[in-house]
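Residue numbers (this note's numbering), protein chains in the order written: chain A, 1 to 111; chain B, 1 to 430.
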Amino acid sequence: MRRTLAAVMLGLLVAAYAVTLHLFTGAARPVSAVVLGAGLLVVGELAFGGPWRSPAWLGLCALGGAAVAVVVQLAGAVDVPRSVAITVAGCAAVLAAVWLLVSVARRDVGS
Amino acid sequence: MAERVVTHARVTTKLRTYLVLAVMGAFLGLTFGRPAFIAVTAPLAVYAALGVLAGRRVAELWAQPIAHPPVREGAPVEARLRIAASVTIGAQLQLTPGRGLRARTDRRGRPLRVTAQLRAGEWQELAFELTAQRWGAPRAGSLTGVLRDRFGMIEHELVATALPAVRVLPEAETLRRLLDPHELQATVGSRVARERGEGIELAEVRAFHPGDAVRRINWQVSARRGTLHVTDRHPERNADVILFLDTFSDIGGTLGFAVRAAATLAAGYLERRDRVGVIGFGGVLAGVGPRLGTRQLYRIVDTLLASSAEASYANKDVRLVPRRLLPPKALVVALSPLVDERSITALLDLRRRGHDLAIVELSPEPFLPPPSGAEQQLARRLWHVRREAVRGRLRARGATVQTWDGAAPLQLPVGALAQLRTRTRGRVGA
Numbered sequence: 001m002r003r004t005l006a007a008v009m010l011g012l013l014v015a016a017y018a019v020t021l022h023l024f025t026g027a028a029r030p031v032s033a034v035v036l037g038a039g040l041l042v043v044g045e046l047a048f049g050g051p052w053r054s055p056a057w058l059g060l061c062a063l064g065g066a067a068v069a070v071v072v073q074l075a076g077a078v079d080v081p082r083s084v085a086i087t088v089a090g091c092a093a094v095l096a097a098v099w100l101l102v103s104v105a106r107r108d109v110g111s
Numbered sequence: 001m002a003e004r005v006v007t008h009a010r011v012t013t014k015l016r017t018y019l020v021l022a023v024m025g026a027f028l029g030l031t032f033g034r035p036a037f038i039a040v041t042a043p044l045a046v047y048a049a050l051g052v053l054a055g056r057r058v059a060e061l062w063a064q065p066i067a068h069p070p071v072r073e074g075a076p077v078e079a080r081l082r083i084a085a086s087v088t089i090g091a092q093l094q095l096t097p098g099r100g101l102r103a104r105t106d107r108r109g110r111p112l113r114v115t116a117q118l119r120a121g122e123w124q125e126l127a128f129e130l131t132a133q134r135w136g137a138p139r140a141g142s143l144t145g146v147l148r149d150r151f152g153m154i155e156h157e158l159v160a161t162a163l164p165a166v167r168v169l170p171e172a173e174t175l176r177r178l179l180d181p182h183e184l185q186a187t188v189g190s191r192v193a194r195e196r197g198e199g200i201e202l203a204e205v206r207a208f209h210p211g212d213a214v215r216r217i218n219w220q221v222s223a224r225r226g227t228l229h230v231t232d233r234h235p236e237r238n239a240d241v242i243l244f245l246d247t248f249s250d251i252g253g254t255l256g257f258a259v260r261a262a263a264t265l266a267a268g269y270l271e272r273r274d275r276v277g278v279i280g281f282g283g284v285l286a287g288v289g290p291r292l293g294t295r296q297l298y299r300i301v302d303t304l305l306a307s308s309a310e311a312s313y314a315n316k317d318v319r320l321v322p323r324r325l326l327p328p329k330a331l332v333v334a335l336s337p338l339v340d341e342r343s344i345t346a347l348l349d350l351r352r353r354g355h356d357l358a359i360v361e362l363s364p365e366p367f368l369p370p371p372s373g374a375e376q377q378l379a380r381r382l383w384h385v386r387r388e389a390v391r392g393r394l395r396a397r398g399a400t401v402q403t404w405d406g407a408a409p410l411q412l413p414v415g416a417l418a419q420l421r422t423r424t425r426g427r428v429g430a
């Protein structure tokens, strides 16, 4: 039930973002990205939250998510050579994917 | 005594999902040259990284089970324990109940979980509601579950921890009538003996004989008759009662009936200040010598709770039973399905040795499937004939036998045995 709800909310968010990209231009796009970034985190918490799910924690998540999204948007606005950005982000993505696969295979980390 | 609970850390589905979404966002953002895609999923990546850093701290958990007082069959049991963690963490625990206990379940039939938020170093008491279904001393269950911090990226799974045993006492009936022993002991009790002596109950008033105590002279009768008369009284004595459990076989649940019946009889006789003992005669010989009092009832119940049918091919007979468990002049109440030849031989031996023997035959018939076909019906009839022959052998030796199916109140077979014993007393010798 909880997983279904999360999947539906994720679909709605993606659809909302697609509509936003289609309808809005200029400054509205980065703002909507920030809102959706924060919203996605809140949806994730709602879907997976256990005994810790509380309004205060969800609010904190939304604020933190929005802050991170703003930082990324600002960083994206800075004129950095595109090849460097692609290399850094690609390496990070590959490392994350490899780590994920290894952890899934071992099914445990730490002790 | 608190014990440290072993935990294993593992990656959660939440972490995997967040990472997959973050990687997807990064890929889309870089491919289409739109930082907005990365901005949408970057919070997930940052959150996952913080969660992994926080969750890698090893959470130590201590559990201190709280002992539960004995309960009767069918009564609720609250398995309680105190737990504490080294860090502030959320716990979701469930108890898999032990044999003979039943936990409250959710709609899918899984035991209900208990959720708690543990503060670092603080003890918290948790309770799991169970129902005692069958007598015995089962472990309350094994505790499993997970510990998860606020981020929920890495969870610590508990290695199953056993909780202490709960003593579930067999359900006991109240019997209005018990079997009276043919012979009493020399110690004081609440049964009126047949012989004459010091007591309260009047026996007769007779003429004085030289040697009679002066204080027993009945002066009123003596004055009326003109010659000395004395009052004879019956002394109050107690009896030794030995409950003989046949633990060679347990067909469908006959041993359970035997244990319930033994607990009921023990409580009844001890209430009447008789000395009661128990012998578990089977693959493993166990027993408690006859004694008085409430503590003896608990000793007997403990022995009964530990009794189980153990497979054995050893040829055992009554000579293996220590003398202290089987005193002379004791009434032996046997609870047996009369299936194993060794227990039947042992009962015949008891009669040969002169013990007063009453047998409650725990019928295994309700637990047998109905015969199908002519051959099985014939076999069942032969089996009935053979069992009747066994009863006949025992009755010929002077034992009284009464069948009990376990469903009817125990008072029925006990009352019937009491009547039989009154009728046959003096007619059949040892």
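Each residue gets a CB set at the ideal place from its N, CA and C atoms; glycine is no exception. The structure presented is a predicted model; accordingly, all values stated were derived computationally and were not measured.
Identify the continuous beta strand (DSSP E) that holds residue i and give its terminal residues.
i	result
residue 232 of chain B	229-234
residue 162 of chain B	161-165
residue 371 of chain B	No beta strand (DSSP E) contains residue 371 of chain B, which DSSP labels as neither H nor E.
residue 124 of chain B	124-132
residue 77 of chain B	76-85
residue 142 of chain B	139-148
residue 208 of chain B	Element bounds for residue 208 of chain B: n/a, residue is neither H nor E.
Considering residue i, what are the terminal residues of the alpha helix (DSSP H) in which it resides?
i	result
residue 294 of chain B	294-305
residue 251 of chain B	Neither: residue 251 of chain B is in no alpha helix (DSSP H) and is coded neither H nor E.
residue 219 of chain B	219-225
residue 415 of chain B	411-424
residue 356 of chain B	Careful: residue 356 of chain B lies outside any alpha helix (DSSP H), inside the beta strand (DSSP E) at 356-362.
residue 351 of chain B	341-352
For residue i, count neighbouring C-beta atoms within 10 Å of its own C-beta (all shown protein chains included) and say buried if the count is 16 or more, exposed if not.
i	result
residue 307 of chain B	buried
residue 15 of chain B	buried
residue 404 of chain B	buried
residue 424 of chain B	exposed
residue 258 of chain B	buried
residue 135 of chain B	buried
residue 200 of chain B	exposed
residue 315 of chain B	exposed
residue 122 of chain B	exposed
residue 73 of chain A	buried
residue 155 of chain B	buried
residue 43 of chain B	buried
Would you mind stating whether residue i and residue j have Cβ atoms separated by less than 8 Å?
i	j	result
residue 158 of chain B	residue 41 of chain B	no
residue 144 of chain B	residue 160 of chain B	yes
residue 162 of chain B	residue 34 of chain A	no
residue 265 of chain B	residue 167 of chain B	no
residue 385 of chain B	residue 357 of chain B	no
residue 439 of chain B	residue 173 of chain B	In this structure chain B extends from 1 to 430, so residue 439 of chain B is not present and cannot be described.
residue 60 of chain B	residue 85 of chain B	yes
residue 153 of chain B	residue 55 of chain B	yes
residue 120 of chain B	residue 74 of chain B	no
residue 231 of chain B	residue 310 of chain B	no
residue 501 of chain B	residue 320 of chain B	No answer is possible for residue 501 of chain B: the residues shown for chain B start at 1 and end at 430.
residue 69 of chain A	residue 92 of chain A	no
Give a yes or no on whether 8 Å exceeds the smallest Cβ distance from residue i to chain B.
i	result
residue 69 of chain A	yes
residue 36 of chain A	yes
residue 111 of chain A	Confidence at residue 111 of chain A is low in this model, with a pLDDT of 35, below 50, so the placement of that residue is unreliable and no value is reported for it.
residue 19 of chain A	no
residue 72 of chain A	yes
residue 33 of chain A	yes
residue 108 of chain A	Confidence at residue 108 of chain A is low in this model, with a pLDDT of 46, below 50, so the placement of that residue is unreliable and no value is reported for it.
residue 12 of chain A	no
residue 44 of chain A	yes
residue 30 of chain A	yes
residue 15 of chain A	no
Would a check of beta-carbon distances place residue i closer than 8 Å to chain A?
i	result
residue 81 of chain B	no
residue 51 of chain B	no
residue 127 of chain B	no
residue 40 of chain B	yes
residue 141 of chain B	no
residue 111 of chain B	no
residue 152 of chain B	yes
residue 36 of chain B	yes
residue 304 of chain B	no
residue 316 of chain B	no
residue 18 of chain B	yes
Report whether the distance from the Cβ of residue i to the nearest heavy atom of the ligand ZN is below 7 Å.
i	result
residue 34 of chain A	The ligand ZN is absent from the structure shown, which contains no ligands of any kind.
Note to self: Counting beta carbon pairs with one atom in the stretch 144-156 of chain B and one in the stretch 80-96 of chain B, are three or more of them shorter than 8 Å?
What the structure shows: yes
Margin query: Would you call the stretch 348-363 of chain B in contact with the stretch 286-293 of chain B, where contact means no fewer than 3 C-beta pairs closer than 8 Å?
Written below: no
Note to self: Any contact between the stretch 104-114 of chain B and the stretch 63-78 of chain B? By contact I mean 3 or more CB pairs, one from each, below 8 Å.
What the structure shows: no
Check: Is the stretch 336-353 of chain B close to the stretch 183-201 of chain B, with three or more CB pairs under 8 Å?
Finding: Not touching, per the Cβ criterion.
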